[in-house]
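All residue numbers for the sequence shown refer to the UniProt record's numbering, where the first residue is 1 and numbers rise by one.
Written below as structure tokens is the structure these notes are about.
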Amino acid sequence: MIPFSPPRIDDKIINEVTDALKSGWITTGPKTKLFEKKIASYCNVSYVLAVNSWTTGAELLLYWFGVKEGDEVIVPVYTYCATANIVVHRGAKVIMVDVTSDFGIDISKVEKHITSKTKAIIPVDVGGLPICYDELKEIVNKKAIKEKFNSQSENQQKLGRIMILSDAAHSFGAKYKGLKVGSEVDFTVFSFHAVKNLTTAEGGAICINLPKPFDNAEVYKQLNTLSLHGQNKDALAKTQKGSWEYDVIDAGFKCNMTDILASIGLVEFNRYETETLPVRKRIFKEYSDLLQKYDWATIPHFIDENRESSYHLYLLRIKDITLEERNLIIQKIFNQDVSVNVHYKPLPLLSYYKGLGYNMKDFPIANSLWECEISLPVYFSLTLNQVKEVVSAVVKAVEKVKK
Ligand SMILES: *Cc1c(COP(=O)(O)O)cnc(C)c1O
């Protein structure tokens, strides 16, 4: 069976984790702080906070910004549920926007969804392809849009406009206008979940990139404190002689990354640019070369003059098929011992969001994308022969179903 995306666990990872365990320091400590510094320099920002998942990190940011009941947050309809769930957790309303044919939020439709209640926009780099950040930034910086913004917290007042929080769960290592993503918008949050390009088993990281008058060093400190219950001293600081006393300045979250997980991240990081990305890129290219000749195949878009994907998900689409046919094709691919997946079932199709009244009729592009989408396996140890096997399984399945 060809799996979909197994993690790369080898002796290097095992040794580094063992080193963390043997060091006697297993929670947040030197390895986590080193991991943060490495990500910051790779992503062209001064401060990065490592956390225990994308979800907790991103929700922490909504909390920090003061998003609450009565507010609205704009998200694309085509994403994993986490993007919207964190908005629900804060008591705010999820405003869904349709996407374009490359799976990213349709920026031309964002403006008409902005109201005086809009506090944040969370675009998603689906599959690893960055959205056009500059176009989205232009919208939130428009005079009329800024005038509509109703600040209700100190940080909202300071920013003076809608916050952009990039869901970069897929796009660590992707490029926008020649730079690795991370320094385009206010906050960029990565996921290091087990199936992501770079993993720490579970984990995430926040790139802090606020404009003046914010002091990003200060914001790092605030977020770090908020990730530890609002406690003003972390476990390491408390080990200093006689330094037992601490205060709690807010009812914060508990979402710090541990050194055990950061040790996986450090090994993954050190080989990301030299091994992980080139292999993923080669797999993408091979899939595209092999599938191109079939007129039923829509090849995913992963590079153009401003953007280059992190090659996270190979989002293949099959032309002119129904949802039932897509599902049948997937069954026939699995029957040939190849694992594939679907990214994503749009939010309104999930019972919770359907129950809130969201309806796919309002999102025709997302609907047309999801009905014919099949994600192919991409991972480090997938050989080019296996890529051929995958393609052959897909071709056989499609040709049987389409006849
Ligand atoms: C994986 C994923 C998340 C959630 O990441 P966690 O680290 O598991 O919390 C959020 N958004 C998208 C688009 C994802 O794929």
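Every residue, glycine too, gets a C-beta built ideally from N, C-alpha and C.
None of the values given here were measured: they were computed from a predicted structure.
Return yes when at least one heavy atom of ligand 1 lies under 6 angstroms from the C-beta of TYR352, else no. As a position in the sequence shown, residue 352 is number 352, starting the count at 1. TYR352: no, Cβ never under 6 angstroms from ligand 1.
Cα-Cα separation, LEU210 to VAL185: The count along the sequence shown starts at 1 and reaches residue 210 at position 210. The count along the sequence shown starts at 1 and reaches residue 185 at position 185. Approximately 8 angstroms, taken between the alpha carbons.
The alpha helix (DSSP H) enclosing ASP167, as first and last residue numbers: Reading the sequence shown from its first residue, position 167 is the one you call residue 167. Per DSSP, ASP167 lies in no alpha helix (DSSP H) segment; the continuous beta strand (DSSP E) that holds it begins and ends at 163 to 167.
Nearest-residue set for ligand 1, Cβ under 6 angstroms from any heavy atom: Selection output, chain order preserved: SER53, TRP54, THR55, THR79, TYR80, ALA82, THR83, VAL124, ASP167, ALA169, HIS170, SER191, HIS193, GLY204.
With LYS212 and HIS170 assumed to form a contact (beta carbons below 8 angstroms), what rounded beta-carbon distance in angstroms separates them? Within the sequence shown, numbered from 1, the residue matching residue 212 stands at position 212. Within the sequence shown, numbered from 1, the residue matching residue 170 stands at position 170. Taking C-beta atoms under 8 angstroms as the contact rule, LYS212 and HIS170 fail to qualify, at a distance of about 30 angstroms.
In this structure, how does DSSP classify THR298 when only helix, strand and coil are distinguished? Taking the sequence shown and counting its residues from 1, the one referred to as residue 298 is at position 298. Secondary structure at THR298: strand, using DSSP grouped into helix, strand and coil.
Whole-angstrom C-beta distance between ASN306 and LYS180, which should lie under 8 angstroms: On the sequence shown, residue 180 is found 180 positions in, with the first residue counted as 1. On the sequence shown, residue 306 is found 306 positions in, with the first residue counted as 1. With a Cβ gap of about 14 angstroms, LYS180 and ASN306 do not count as contacting.
Just grab the DSSP bridge partners of GLU373 for me. In the sequence shown, counting from the first residue as 1, residue 373 sits at position 373. BP columns for GLU373 point to ARG317.
Alpha-carbon spacing of VAL390 relative to LEU376, whole angstroms: If you number the sequence shown from 1, residue 390 lands on position 390. If you number the sequence shown from 1, residue 376 lands on position 376. So the two alpha carbons sit approximately 8 angstroms from each other.
Mapping DSSP to helix, strand and coil, what is residue 404? The chain is shown from 1 up to 403; residue 404 falls before or after that span and cannot be answered.
Taking the alpha carbon of THR100 as the reference point, which residue from TYR80, THR118, PRO123 has its own alpha carbon closest? Taking the first residue of the sequence shown as position 1, residue 100 is located at position 100. Comparing Cα positions, the closest option is PRO123.
Given 8 angstroms, three or more beta-carbon pairs between the segment 75 to 87 and the segment 238 to 245: Result no; under three Cβ-Cβ pairs closer than 8 angstroms.
Write down the C-beta distance between SER183 and CYS207 rounded to the nearest angstrom, noting that I regard them as a contact closer than 8 angstroms. Looking up residue 183 in the sequence shown gives position 183. Looking up residue 207 in the sequence shown gives position 207. That pair is a contact at about 7 angstroms.
Taking the straight line between their C-alpha atoms, what separation do you get for LYS402 and ALA297? The residue you call residue 402 lines up with position 402 of the sequence shown. The residue you call residue 297 lines up with position 297 of the sequence shown. Answer to the nearest angstrom: the Cα atoms are 12 angstroms apart.
Identify, in the order they occur along the chain, each residue of the same chain with its Cβ nearer than 7 angstroms to the Cβ of PHE214, setting aside the five sequence neighbours on each side. Looking up residue 214 in the sequence shown gives position 214. The beta carbon of PHE214 sits closer than 7 angstroms to those of LYS158, all from its chain and outside the five residues before and after it, given in chain order.
Test item: CB-CB of ILE95 and ILE121 under 7 angstroms: In the sequence shown, counting from the first residue as 1, residue 95 sits at position 95. In the sequence shown, counting from the first residue as 1, residue 121 sits at position 121. No, Cβ-Cβ distance for ILE95 and ILE121 is not below 7 angstroms.
Quick one: using the 10 Å Cβ neighbour count with 16 as the cut-off for buried, is MET1 buried or exposed? Taking the first residue of the sequence shown as position 1, residue 1 is located at position 1. Exposed, by the Cβ-count rule.
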